[in-house]
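Enquirer:
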Amino acid sequence: MSKDKPLFNPPSTRFADEQRTQMRQIQRPVEEPVKEQREEMNEVQHLNIDSCIKRLIQVGMNKQIGKSVCLNPSEITAICRSVYEIFMNQPALLQLNPGVKVAGDIHGQFFDLIRLFQMCGYPPSTNYLFLGDYVDRGMYSLETILLLLCFKIKYPENFFLLRGNHESSDVTRIYGFYDESAIIGNRIFCVHGGLSPFMKSMDEINALPRPTEVPEYGLLNDLLWSDPSDLSDDWSENDRGVSVCFGRNNVNEFLQRFDLDLICRAHMVVEDGYEFFSDRSLVTIFSAPNYCGEFDNYGAVMTISKDLLCSFELLPPAETVISHEKNLKKSSSSLQLPSS
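Take the sequence shown: its position 266, counted from the start at 1, is 254 in this note's numbering, and no numbers get skipped.
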């Protein structure tokens, strides 16, 4: 090649304007992300998280949810961007100290979530670990997930959110960053669904890519979808048509292999809000009372003390509370003497 020959031939005058236009179109996508990043930073910097929490709680306590959520679109966007950084800076397998309350499925039952906080205490006075399934089924999924994300932003070291099987698919852009499981006090393994025949080491959980879609089978699928079963002591098919069921032998083997005492999971409606399995070596927690308005179940929250003692607080269906209050009013009014 001749040294005098240029590597780039300048366009002829005839095509010069067209070339310039094309170059501008090529360059514009490079400039626009920079502008978008600046806008994102401004939104995050101007996010008043205390105001967001206050408005959401006020709406929940007054039960005054209208056609639109009480936060504006820019606030919602800033919340998602802020919480992304927090999730990505924490491992997929959390190591938590005891002295925490563990809650199961919420499923968009926002008013019951407010009742749960009123019963158990608001963060940071109370530390929380939620086991997933924050949305769907209930009518107020957006308010539910926004309040939980706001608390995560405000108290990142006191408030923890695991991923459930409903945190996937078309909402992966937000939910794909969630933590997958947690170990409390080196003794209690917490996960949304359950055990997996693919899991040989805890390190495999931290090795899971984030963000990621939930695959049709494998470790992540089982962590989110598997269930305990009394019908078999070993691995078996799951009636859900996805993942597997695990039996007593699998629970005992898992606890022995990883030197643990208890498995804590959610994912199933249970009548009393909590239910033990395999000689109290596994507990299911469900925190949405009167699930979908059909089950008349209690919700439950498990308290793990600093001494690793477990106890339960029960959240009755709201209709039961209202009926009880009405009965109290009737009985108190019947005791009132007529005025003279």
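Glycine included, every Cβ here is placed at the ideal spot set by N, Cα and C.
According to DSSP, is glycine 287 helix, strand or coil?
Expert: Start at 1 with the first residue of the sequence shown, and residue 287 comes out as number 299. In this structure, glycine 287 counts as strand in the three-state DSSP scheme.
Enquirer: Given this structure, state the Cα-to-Cα distance separating glycine 182 from alanine 170, to the nearest angstrom.
Expert: Sequence index remark: in the sequence shown, residue 182 carries index 194 (1-based). Sequence index remark: in the sequence shown, residue 170 carries index 182 (1-based). Distance between the alpha carbons of glycine 182 and alanine 170 is about 12 Å.
Enquirer: Any idea what DSSP makes of valine 232, helix, strand or coil?
Expert: Numbered from 1 along the sequence shown, position 244 holds the residue referred to as residue 232. It is a strand residue.
Enquirer: Counting only beta-carbon atoms, is lysine 142 nearer than 9 Å to chain D?
Expert: This model lacks chain D altogether; it includes just one protein chain.
Enquirer: Rounded to a whole number of angstroms, what is the C-alpha to C-alpha distance between valine 32 and cysteine 68?
Expert: Within the sequence shown, numbered from 1, the residue matching residue 32 stands at position 44. Within the sequence shown, numbered from 1, the residue matching residue 68 stands at position 80. In a straight line, the C-alpha of valine 32 is about 9 Å away from that of cysteine 68.
Enquirer: Based on Cα-Cα distance, which residue from Cys252, Pro112, Glu282 lies nearest to arginine 268?
Expert: The sequence position of residue 268 within the sequence shown is 280, counting from 1. Considering only alpha carbons, the answer is Cys252.
Enquirer: Our contact map puts serine 224 next to aspartate 210 with C-beta atoms below 8 Å; I'd like the distance itself, whole angstroms only.
Expert: In the sequence shown, the residue the question calls residue 224 occupies position 236. In the sequence shown, the residue the question calls residue 210 occupies position 222. About 13 Å separates the two Cβ atoms, so there is no contact after all.
Enquirer: With a Cβ-Cβ cutoff of 9 Å, do phenylalanine 105 and isoleucine 176 count as a contact?
Expert: Working through the sequence shown from its first residue, we reach residue 105 at position 117. Working through the sequence shown from its first residue, we reach residue 176 at position 188. No, the Cβ-Cβ distance between phenylalanine 105 and isoleucine 176 is not below 9 Å.
Enquirer: Grab the span of the alpha helix (DSSP H) containing serine 299 for me, first residue to last.
Expert: In the sequence shown, counting from the first residue as 1, residue 299 sits at position 311. First-last for serine 299: 298 to 303, but that is the beta strand (DSSP E), not the alpha helix (DSSP H).
Enquirer: What would DSSP say about glutamate 73, mapped onto helix, strand or coil?
Expert: Position 85 of the sequence shown holds residue 73. Of the three classes helix, strand and coil, the one that applies to glutamate 73 here is helix, per DSSP.
Enquirer: Would cysteine 178 pass as a contact of valine 90 if the rule is Cβ separation under 9 Å?
Expert: If you number the sequence shown from 1, residue 178 lands on position 190. If you number the sequence shown from 1, residue 90 lands on position 102. Yes, these two residues count as a Cβ contact at 9 Å.
Enquirer: Does the separation of the CB atoms of aspartate 260 and tyrosine 286 fall below 9 Å?
Expert: As a working mapping, residue 260 is identified with position 272 in the sequence shown. As a working mapping, residue 286 is identified with position 298 in the sequence shown. For aspartate 260 and tyrosine 286, yes; Cβs fall inside 9 Å.
Enquirer: Could you tell me whether the Cβ atoms of threonine 272 and proline 216 are closer together than 9 Å?
Expert: On the sequence shown, position 284 is the one that residue 272 refers to. On the sequence shown, position 228 is the one that residue 216 refers to. Cβ distance < 9 Å, so threonine 272 and proline 216 count as in contact.
Enquirer: Distance, Cα to Cα, alanine 195 vs asparagine 174?
Expert: In the sequence shown, the residue the question calls residue 195 occupies position 207. In the sequence shown, the residue the question calls residue 174 occupies position 186. When rounded, the distance between both Cα atoms is 19 Å.
Enquirer: Less than 8 Å between C-beta atoms, sequence neighbours within five positions excluded: which residues of the same chain meet that for valine 239?
Expert: Position 251 of the sequence shown, counted from the start, is the residue given in the question as residue 239. Answer for valine 239: Leu183, Pro216, Ile251, Phe265, Ser266, Ser269, Leu270, listed in chain order.
Enquirer: Below 8 Å on the Cβ atoms is my contact criterion, and I expect phenylalanine 400 with lysine 142 to pass it. Report the Cβ-Cβ distance as a whole number of Å.
Expert: Absent from the structure is residue 400, since the part of the chain shown begins at -11 and ends at 328.
Enquirer: Which first and last residues belong to the alpha helix (DSSP H) in which glutamine 106 is found?
Expert: Taking the first residue of the sequence shown as position 1, residue 106 is located at position 118. Glutamine 106 -> alpha helix (DSSP H) spans 98 to 108.
Enquirer: For alanine 254 versus glycine 152, is the C-beta distance shorter than 9 Å?
Expert: As a working note, residue 254 is residue 266 in the sequence shown. As a working note, residue 152 is residue 164 in the sequence shown. Going by C-beta atoms, alanine 254 is nearer than 9 Å to glycine 152.
Enquirer: Can you list, in chain order, the residues of its chain whose CB lies under 7 Å from that of glutamine 83, leaving out five sequence neighbours each side?
Expert: Here residue 83 is taken as the residue at index 95 of the sequence shown, counted from 1. Excluding sequence neighbours, glutamine 83 sits near Ile171.
Enquirer: Can you tell me the Cα-Cα spacing of aspartate 221 and phenylalanine 242, whole angstroms?
Expert: The residue you call residue 221 lines up with position 233 of the sequence shown. The residue you call residue 242 lines up with position 254 of the sequence shown. Rounded to the nearest angstrom, the two C-alpha atoms are 13 Å apart.
Enquirer: Name the one or two DSSP bridge partners that valine 179 has.
Expert: As a position in the sequence shown, residue 179 is number 191, starting the count at 1. Partner(s): Ser169.
Enquirer: Let me know the alpha helix (DSSP H) ranges lying completely inside the segment 199 to 259, each 4 residues or longer, listed in chain order.
Expert: If we require 4 residues or more, the alpha helix (DSSP H) runs fully inside the segment 199 to 259 come out as 207 to 213, 236 to 245.
Enquirer: To the nearest angstrom, how far is the alpha carbon of isoleucine 393 from that of alanine 288?
Expert: Coverage of the chain is limited to positions -11 through 328, which leaves residue 393 absent and any answer about it impossible.
Enquirer: According to DSSP, what are the bridge partners of isoleucine 395?
Expert: The structure shown does not extend to residue 395, since the chain is modelled only from -11 through 328, so no value can be given for it.
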